[in-house]
Amino acid sequence: MKTVRLTAAQAMVRYLSKQQNEDGVPFFGGCWAIFGHGNVAGMGEALHGIGDDFPTWRGHNEQGMAHAAIAYAKASNRKRAMTVTTSIGPGATNMVTAAALAHVNRLPVLFVPGDVFANRAPDPVLQQVEDFGDGTISANDCFKPVSRYFDRIMRAEQLLTALPRAMATLTDPADCGPVTLAFCQDVQAEAYDWPESFFDVKVWKTKRPRADLDQLDAAVAAIKAAKQPMIIAGGGVHYAGACDALAEFAHRHNIPVGETQAGKSAMPWDDELNLGSIGVTGASSANAIAENADLIIAVGTRLQDFTTGSWALFKHPDRRILSINVAAYDAAKHNAIAVTGDAKITLAEIGGMLGDYRAPAIDANLKSGWIAAVDKVTATPTGNALPTDAQVIGAVQRSVDDDAIVVCAAGGLPGELHKLWKAAKPNGYHVEYGFSCMGYEIAGGLGVKMAQPDREVVVMVGDGSYMMMNSELATSVMLGHKIITVILDNRGFGCINRLQMATGGESFNNLLDTARHVVPSAIDFTAHAGSMGAIAEKVSSISELEAAMERARKADRSYAIVIDTDPLPSTDAGGHWWDVAVPEVSVRPTVNEARKNYEAALKQQRPGD
1 MKTVRLTAAQ AMVRYLSKQQ NEDGVPFFGG CWAIFGHGNV AGMGEALHGI GDDFPTWRGH
61 NEQGMAHAAI AYAKASNRKR AMTVTTSIGP GATNMVTAAA LAHVNRLPVL FVPGDVFANR
121 APDPVLQQVE DFGDGTISAN DCFKPVSRYF DRIMRAEQLL TALPRAMATL TDPADCGPVT
181 LAFCQDVQAE AYDWPESFFD VKVWKTKRPR ADLDQLDAAV AAIKAAKQPM IIAGGGVHYA
241 GACDALAEFA HRHNIPVGET QAGKSAMPWD DELNLGSIGV TGASSANAIA ENADLIIAVG
301 TRLQDFTTGS WALFKHPDRR ILSINVAAYD AAKHNAIAVT GDAKITLAEI GGMLGDYRAP
361 AIDANLKSGW IAAVDKVTAT PTGNALPTDA QVIGAVQRSV DDDAIVVCAA GGLPGELHKL
421 WKAAKPNGYH VEYGFSCMGY EIAGGLGVKM AQPDREVVVM VGDGSYMMMN SELATSVMLG
481 HKIITVILDN RGFGCINRLQ MATGGESFNN LLDTARHVVP SAIDFTAHAG SMGAIAEKVS
541 SISELEAAME RARKADRSYA IVIDTDPLPS TDAGGHWWDV AVPEVSVRPT VNEARKNYEA
601 ALKQQRPGD
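The sequence shown begins at 1 in the UniProt record's numbering and counts up one residue at a time.
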């Protein structure tokens, strides 16, 4: 057996560089790295040595660069991913939030945090977390609950099994998610005689598991028996490459479609059967059909509470759920008729078995009425009042072409975008709402741009999320990956302030003016973005925003546009109740009234049904 002598870190990097997807493209787009004492000597030297065969990208914040890696995978429909390496202490734990985000959203990313010395000779080392009752614990154990696969590399040869297991998880459609290989820093530097065959090119083809025939028969019977079926398109439609299959299935059988946050842009916004977003932030058109549907065909969705209106949206007394999902865990939720299989293949097989079946026609006025409502709230405002989020969205929408990708995450903007953004092409809508993680936006926009360099990437972010994490704006400038960032300044956490007031509370500790302070907040976002190398300007109206967007599109580097917005309004049209527990006891009448309304709404819930 021919061998080659390499350090464990060199072996890891070489192995990862040889992994390809079915298109013959490297599976990994490289490695994000912030070096510290736990990885600079081992992984740092290995990454330097391999050069452009496995490029290294430098971020400014560990969580931020991990978000960029996750967004890269999402924008690539999970056909590509990235690695992220950090030191052993705060660098590692900074990534735990990102790992949770990837876990919730079923997205592949390989975390390689440095770990303590396997030989324990200098124990305890700088940044080591000591457990008084367990000598095997390190800070990296925090990754275990939020990793699909976790391993601690304490001997070099353990990589011979750990790396293939990691790849199997990262490329599996059902088990896909973050992998953590905690890499002991002394082991990174240890040499071993590796079989040369370990570094042969490996192609990972997309798995498309077929559903059981009995499941397919049950699905066909349920659809044929339905009087008003409806499809809910989730993120799995994108990841399975099933957008065309979904449209063909829907049109062949005349079944309307509603889209989740992750599923949005699976069908063009102007398709007559695409009734828009569904659920808590849903369109009135899609929600009206959902309320009366007797069969919900859930395709590639985990049926999050925002999708189901906290399980109060589907009101038909005899309604059933047919769940098509590659993950048996998701397919079996809420007593669904489970069809466990690839969305693209399964839709085609069920469609063939249905033959000429067509569902009854729906009222065309539902969609036209909703689009009219969207156009009204996103139109250019008259008067001098501060613009709403909806009006800013309308201005951005009018300023970009159909190839543009809008990126967002937590707060009120995702809800408004879910309702109002008109996505024309697949992957044109990139909103992280599974974990609803503030601070994802700018780093995510960078990752999207790296995955889709030929498409315009527009990041929409509130001032609260911008303050949480903004450093990767500088990274986008440094790397030459231009993004346009629109910063909506409503002077606080406007979304949660609205929720606080809607549940009977006072505006408290959310808006900057109602938070405890000595000096009123006066953050200059334009100067801040400019200090990181972006071109930046502040506008005072929607018409000025549209003019600035034109300048931004022509610019040669990342561009930031700041606009003040009203923190209170949100789009009244559409939407649905969401289960947010209200206190049973309060001295405040507004809270007591909110509790009464809450208890009445709870009666509409059908959990487990």
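Note that CB positions come from ideal geometry on N, CA and C, so glycine has one too.
No experiment lies behind these values; they were computed from the predicted model shown.
**Message:** Please report the straight-line C-alpha distance between V116 and R155, rounded to a whole angstrom.
**Reply:** 13 Å
**Prompt:** Are the Cβ atoms of Y440 and F525 separated by less than 8 Å?
**Reply:** no
**Request:** List the DSSP bridge partners of C408.
**Result:** V431
**First and last residue of the uninterrupted alpha helix (DSSP H) at I442** = 440-451
**Message:** Please report the distance separating the alpha-carbon of E272 from that of G258.
**Reply:** 12 Å
**Request:** Go through its chain and collect everything with a Cβ distance to A451's Cβ below 6 Å, but skip five positions before and after it.
**Result:** Y72, A75, S76
**Prompt:** So, do the segment 37-54 and the segment 100-109 have three or more beta carbon pairs nearer to each other than 8 Å?
**Reply:** no
**Request:** Return the CA-CA distance between S541 and P387, expressed in angstroms with no decimal places.
**Result:** 7 Å
**Asked** Buried or exposed: which applies to T346, given that a residue is buried once 16 or more other Cβ atoms fall within 10 Å of its Cβ?
**Response** buried
**Request:** Pull up the CB-CB distance for V377 and A390, whole angstroms please, since I reckon it's below 8 Å.
**Result:** 4 Å
**Message:** Could you tell me the alpha carbon to alpha carbon distance between A218 and G351, rounded to whole angstroms?
**Reply:** 13 Å
**Request:** Excluding the 5 residues preceding and the 5 following R208 in the sequence, name in chain order all residues of the same chain whose CB lies nearer than 6 Å to its CB.
**Result:** D342, I345
**Request:** State buried or exposed for N119, treating a residue as buried only when at least 16 other CB atoms are found within 10 Å of its CB.
**Result:** exposed
**Message:** Here's the rule: buried if 16 or more other CB atoms are within 10 angstroms of the residue's CB, otherwise exposed. What is H517?
**Reply:** exposed
**Asked** What is the DSSP secondary structure of N335, counted as helix, strand or coil?
**Response** helix
**Request:** Label R5 either buried or exposed according to how many other C-beta atoms from any shown protein chain fall within 10 Å of its C-beta, with 16 as the threshold for buried.
**Result:** exposed
**Item:** Distance between S471 and R78 (C-alpha atoms, nearest Å)
**Value:** 25 Å
**Message:** Please tell me whether, using a cut-off of 7 Å, the distance from the CB of Y72 to the nearest non-hydrogen atom of the ligand SAM is below it.
**Reply:** With respect to the ligand SAM, the structure shown offers nothing to examine, as it has no ligands at all.
**Prompt:** Quick one: what does DSSP say P90 is sitting in, helix, strand or coil?
**Reply:** helix
**Request:** Tell me whether D186 is buried or exposed, calling it buried when 16 or more other Cβ atoms sit within 10 Å of its Cβ.
**Result:** buried
**Item:** Limits of the unbroken beta strand (DSSP E) element including W204
**Value:** 202-204
**Top-ranked residue by Cα proximity to D270, from D572, I321, C176, G369** = G369
**Item:** Whole-Å CB distance - T409 paired with V374, under 8 Å assumed
**Value:** A small correction: the amino acid at residue 409 is Ala; Thr does not occupy that position in the sequence shown. That belief does not hold up - the Cβ atoms of A409 and V374 are roughly 22 Å apart, past 8 Å.
**Message:** In whole angstroms, give me the CA-to-CA distance for N411 and S436.
**Reply:** The displayed chain sequence assigns Gly, not Asn, to residue 411. One C-alpha to the other measures close to 8 Å.
**Request:** Kindly indicate which residue of M43, M230, N509, V201 has the alpha-carbon position closest to the one of G24.
**Result:** V201
**Message:** I need the boundaries of the alpha helix (DSSP H) containing A225, first residue and last residue.
**Reply:** 213-225
**Message:** What residue range does the beta strand (DSSP E) around C184 cover?
**Reply:** 178-184
**Message:** I need the DSSP call for P209, collapsed to helix, strand or coil.
**Reply:** coil
**Message:** Would P229 and I297 be called neighbours here (beta carbons separated by less than 8 Å)?
**Reply:** yes
**Prompt:** Helix, strand or coil: how does DSSP classify D141 here?
**Reply:** helix
**Message:** Nearest by alpha-carbon distance to T161: which of A527, W194, V406, I223 is it?
**Reply:** W194
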